[in-house]
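Engineer:
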Amino acid sequence: MVTPADLADLLECEHRSILVQALAADLPGAPRPGEPDAPSGRAAAEAVLARFRAEGREVAEIDVRDPVLAAKATEEAVRSGAPVIHRAVLRDEEFSGQVDFLVRDDEGRYEVYDAKPVRHATPAAVVQLTACADVVRRAGWPAGPHLHLGLSDGGIRTLRVEDFRPLVARLRARLRGRPLRLPVPLWADERPACSGCGFDRHCASAREADRDLSLVAGMRGDQRRKLVAAGLGSIDALAAAGPGDRPRDLSVTAFAALRAQAALQVRQDTTGEIAYEIVDPDELAALPSPAPGDVFAEVAGDPHALSGEGLEYLFGAVGDGEFTSFWAHSRAQERRAFEDFVDFAAARVAEHPGSHVYHYAPYEVTAIKRLAAVHGTREETVDHLLRSGAVVDLHTVVRKALRVSQRSYSIRHLEPLYQPGARAKTAVSDVEAYEEYLALAQSGEPERADEALRRIGENTEDDCLSAQRLFEFLHRVRDDAGIAVPEPAVESAEDALLRAAEEDVAAERRAERAAQLAALVDPLLDGLPDDPGDFTADERARALLAASVGYHRRETNPAWWEYFRRLAAPLGDLEVDTACAVPVSLEAGEWVPPAGRARTAKRTLMLACDPDRPHPFAPGDDVRLRYGDTARDAKVVAASAVELTLEESCPPDATTNDRPTAVLPGSPVRPSPKDEAVAELARLVVDTLPALPRHPGVDLLRRTPPRLRGGAALPEPGEALVATVIEAVDALDGSALAVQGPPGAGKTYLAGKLIAHLVRAGRTVAVTSTSHKAVENVLSAAKKSAPELPCAKRAKKTPDPAAPWDQPKSNPALVKWREEHDTGHLVGGTAWTFANAAVREEPFDLMIIDEAGQFALADALAVSVCARNVLLLGDPQQLPQVVQGTHPAGAEASALGHLIGEAAIMPGDLGYFLDETRRLHPAVCEPVSDLSYAGRLHAHPSAAERALDGVAAGLYLAEVDHQGNTTRSVEEAAEVVRIVSEVHGRLWTDHGPARPLGDADILVVAPYNLQARTVTRALADAGFPGVRVGTVDRFQGQEAPVVITTMTSSSAVDLPRGLDFLLSRNRLNVALSRAQALAVLVCSPRLVEADIRTVDQMRLVAGMIGLMGAARPWPAG
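Here's what the structure looks like:
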């Protein structure tokens, strides 16, 4: 019989699952596991049982000594309608499991409830409960839609069973009839589940005995695969390899670094002595000199604290040899501790010029940037510390300057270099230690809890002191090697005074910006509860507006922080950075001096990139080229699958023959005046506090039903939904209305009809969106409905003579145009246009925000000050909003995503859901509806009339076996070509005479640019050059009779953009919903085999499995 533990083993690690099965069958040679530390959940279950009884619920207790009898007793209790069944045993023909409780809800349905000794929901716990809940459904008993996981902190995590049931069904199918065997090799790669596995030591020692490449420090999975394929399968083979043994698709730099690392480690394995080599003397030369105000810091956090929201519970700092700690055990304490820590570090740096804040590894910088954003405090100070270079990551220094013979570059592995008697490895991680403290504090054991905190504090102090000793060691290495330190430039007294004055002015500007921000934010936050869970709707709106005031700065800052980080980062880090490109080879042309009006010299660069690390750039992109710790500007001239052609620009007197080492993203777009418009809304609100003003932006923040004239309710949706929406918009009274329009549901048609109606009635309408193209799409729909209506839009760059609207050259010209068309008009533009002070001087009667599911909430607030009423049009179930920065909870949302919240479709009291699509054939609509719209989206009857001769409409699955592919699969590209050849030329019927299906009728969607280019080339070679191929970002809003989606990756492991990107339900929805009649998924059968680390990732994998299960196999027929 399969048990819940068997399913959890298979989910976390198939290798463990096979070993457990072999051990249970006494298979010769099966290794025996150690005993993992697994706390019992009995006490938690007893506490829940006591609560149920205290509530007066009748509890049926099951005797579980005989599982068969216990299962029968459970069934009898269900049939008798017992309110609570304790220790329920659930069995079918191949499964047997036990849950703490089956609980009957108000509708007579039973849902599983289990109490686990964990503080957060884990995939293993959820898969076990889902399996038991599925047995309730299979048995034909009344089954509720949810499962409930009781956590050790008293919280309850409630989840939808259907979100995970496809995954459980797949796991059961994989176990069904699996033959007994021992895996080869007898060990597996390290993975997240190793920490709680009894076979952990067995696998680790076996990997070491086999001298696997995973022992090489810094070895990535894709590099390992390339080396193994080239015959370099062990650390010893790699150490002995020569330059001629380099795999063709591994860069010279990366191969040389890995060879040298392997050789150094082999030497340590032989001699038993730790060693190091200097790799980059310049990096050591650039290491700052010691200064009196230097701080050595560490931030410790627990991602599971505060009901899974996470908490930075300790900020530790060593200065002048003294350890200072800033503790936090609540969100409010976290803010105070963070402020005190930043003030402490900044004061020392300011008091002692030349001082720095040192840390080891990226966590500290990531944490302080996030906390400054989340708490809306010390943002200017953090930004100044980061931009001025006052914060130094010693991990980056070590990785660039030295090569060490250890298998890891963690600070504890480096300690034997610089401090005798290095610390022993602790039995538990810092996170586990803090979780232990929380459990002890909750259970009423203050002395043991204090002891746990004392140990954490000592460990953090040791880490800070270790960083200081590492810093001192690096200086000794520099001195011993005789590396010259550049002499500081001699500064004249006049220059010193000028620099001091500039620094004073910059400090005054920072203080002024901080004061302006505080004048808006502080009144909004004054008096709000510490716990956001206690907010009223108005308080939540105030907090969100306060967060939105700084939104645009937080969005822009990370681009600059990342720019400076990328200039200093080791090339190995940039190789895995999906926003950059590190060339495998490069050819540089000659510099061409400026001529005519040109002021810069130019040269052409030809770069070849790693095929498994696709570059993100497209022709026309502005980029930066890294030269050491500086950069130059360039523009992408051409881009192919693995090549880039760039035009580099440089002042004539600064040209060199150096070659760039990496291509970095270009400059970020400045947000002004959007931030100024949000500040104007904040001032309006602050002036009316404690009441909130009647304003569409405020109503959007509050998530209140639209306010209609006379206090009327929203008209009920009927057959003529377009007319209903027009009626509602006509009645808006300084408020906001939302319409969710799934693919093909007529959102743009609705916008055109609405605009025509309003402008003909003398109203003024503005249209904005995420791009010029999206805005112009709505303007075209409006002109189609009413060709005569006055319409204007500033051109993106140069005016388009074919545009059917006026194109004022500037914002003042646009304002004048509006004055001249005062009997009703339509204006299109981006958020920058409508946030402009001159434009917003005369508000529009209605602001239509198209693609509001991707339009930032803060941008919606910015444009709301330019309108009396706001209409949101879009679909948050399609492509998500792109967010660069870190923001307080809720401020990162899109406008429509904020309104809908966790729901799949628009709540009826806030707006309308267009529930009928004219694009999708019913057979395509059904899986799309189930995936993204809770089954509420239906196909218009006319959509069923579309047909492709010889192929039934619907969703199909074409499985292609391949291994080791991440961002390119020639195997799937060949399958795409085969499918295209099979449908091409067939008769296509679409409400008219049948015609042969051509290139333009087929659309291919790929997750990665490299696969899109691979498929494009394969189709062109096969005689189908006109088939559209691209990523989903290119195709939103488009449609085709046939859509083929190539998933590309062999499995959801070692993905360059992560599991959350590849299996995103939003992206899958966009891909499949382009199809009018035929959608084909092309993928590896192992695509859904993943290292699932979170419940959210588990939901994504289950969604993909559900799609694969709902599809028919290709070839059709």
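The sequence shown begins at 1 in UniProt numbering and counts up by one. Here a beta-carbon is modelled for each residue, glycine too, at the ideal position from N, C-alpha and C. This structure is a prediction, so every number in the text was calculated from the model and none was measured.
#1: Alpha carbon to alpha carbon, how far is Ala756 from Val775? Give it in angstroms, no decimals.
#2: Where does Thr833 land, buried or exposed, given buried means 16+ other C-beta within 10 angstroms?
#3: Run the CB neighbour count on Asp302, radius 10 Å, all protein chains shown included, and call it buried at 16 or more, exposed below.
#4: For the alpha helix (DSSP H) that Asp26 lies in, which residues bound it at each end?
#5: Please classify Gln516 as buried or exposed, where buried requires at least 16 neighbouring CB atoms within 10 angstroms.
#6: Could you tell me the alpha carbon to alpha carbon distance between Ala44 and Asp100, rounded to whole angstroms?
#7: Roughly how many angstroms lie between the CA atoms of Gly389 and Arg509, to the nearest whole one?
#8: What's the C-alpha gap between Ala206 and Trp187?
#9: So, with DSSP's three-state summary, where would you put Leu284?
#10: Do you know offhand how far Leu1063's Cα is from Ile1092's?
#11: Going by C-alpha to C-alpha distance, which of Thr768, Met906 and Cys866 sits closest to Glu851?
#12: Please identify the residue among Ala738, Pro353 and Cys791 whose C-alpha is closest to the C-alpha of Leu385.
#13: Taking Asp9 as the reference, which of Ile235, Glu461 and Ser17 has the closest Cα?
#14: Look up Asp534 in the DSSP assignment and say whether it is helix, strand or coil.
#15: When you compare the CB positions of Ala449 and Leu440, do they come within less than 7 angstroms of one another, or not?
#16: Do Ile156 and His146 have their C-beta atoms within less than 7 angstroms of each other?
#17: Measure from the alpha carbon of His821 to the alpha carbon of each residue in His772, Val765 and Leu779, then state which is nearest.
#18: In the structure shown, what three-state DSSP assignment does Lys369 receive?
#19: Taking 7 angstroms as the threshold (C-beta atoms), are Leu937 and Pro742 in contact?
#20: Below 8 angstroms on the Cβ atoms is my guess for Asp633 versus Ser649; work out the distance and round it to an integer in Å.
#21: Identify the residues that DSSP records as bridge partners of Glu61: which are they?
#22: Taking the alpha helix (DSSP H) that Gly221 belongs to, which residues open and close that run?
#23: To which residues of the same chain is His304 closer than 6 angstroms at the C-beta, ignoring the five residues directly before and after it?
#24: Run through the segment 739 to 806 for me and flag every whole beta strand (DSSP E) of 3 or more residues, listed as ranges in chain order.
#25: Comparing alpha-carbon positions, which option in Val1032, Ala679 and Pro880 lies nearest Gly853?
#26: Quick one: is Asn657 buried, meaning 16 or more other Cβ sit within 10 Å of its Cβ, or exposed?
#27: Does DSSP put Ile235 in a helix, in a strand, or in coil?
#28: At what residues does the alpha helix (DSSP H) containing Ser932 begin and finish?
#29: Given a cut-off of 7 angstroms on the beta-carbon distance, is the pair Tyr956 and Trp1114 in contact?
#30: Given a cut-off of 7 angstroms, decide if Glu435 and Ala452 are closer than it, judged by their beta-carbon atoms.
#31: Just how far apart, CA to CA, sit Trp560 and Gly762?
#32: To which residues of the same chain is Thr1045 closer than 6 angstroms at the C-beta, ignoring the five residues directly before and after it?
#33: When DSSP labels each residue in this structure, what does Gly572 get in the three-state scheme?
#34: Between Lys816 and Arg554, what straight-line distance do the alpha-carbon atoms span, to the nearest angstrom?
#35: Could you name the residues that DSSP lists as bridge partners for Arg79?
#36: Whole angstroms is fine: what's the gap from Ala1040's alpha carbon to Asp1001's?
Structural biologist: On the basis of the supplied data:
#1: Across the structure, Val775 and Ala756 are spaced so that their CA atoms are roughly 16 angstroms apart.
#2: buried
#3: By the beta-carbon neighbour count (other beta carbons within 10 angstroms, threshold 16), Asp302 is buried.
#4: It is not in any alpha helix (DSSP H) - Asp26 carries neither H nor E in the DSSP assignment.
#5: exposed
#6: Using only the alpha carbons, I get a separation of about 10 angstroms.
#7: 19 angstroms
#8: 6 angstroms
#9: helix
#10: If I take the Cα positions, the gap works out to 12 angstroms.
#11: Comparing Cα-Cα distances from Glu851 to each of Thr768, Met906 and Cys866, the minimum goes to Thr768.
#12: Pro353
#13: Ser17
#14: helix
#15: yes
#16: no
#17: Val765
#18: helix
#19: Yes, Cβ-Cβ distance for Pro742 and Leu937 is below 7 angstroms.
#20: Correct: roughly 5 angstroms between the Cβ atoms.
#21: His86
#22: Gly221 to Ala229
#23: Cβ-Cβ distances below 6 angstroms link His304 to Arg119 and His120 in the same chain, with the five nearest sequence neighbours on each side left out; the list follows chain order.
#24: Taking only runs of at least 3 residues, the beta strand (DSSP E) segments lying wholly in the segment 739 to 806 are 764 to 768 and 791 to 793.
#25: Pro880
#26: exposed
#27: helix
#28: Pro922 to Ser932
#29: yes
#30: With respect to Glu435, Ala452 sits apart: the two C-beta atoms are not nearer than 7 angstroms.
#31: When rounded, the distance between both Cα atoms is 46 angstroms.
#32: Close CB contacts of Thr1045 within its chain, under the 6 angstroms cut and outside five residues either way in sequence, are with Val1005, Ala1071 and Leu1081 (chain order).
#33: helix
#34: 34 angstroms
#35: In the DSSP output, where bridge partners are listed per residue, Arg79 has none listed.
#36: 5 angstroms
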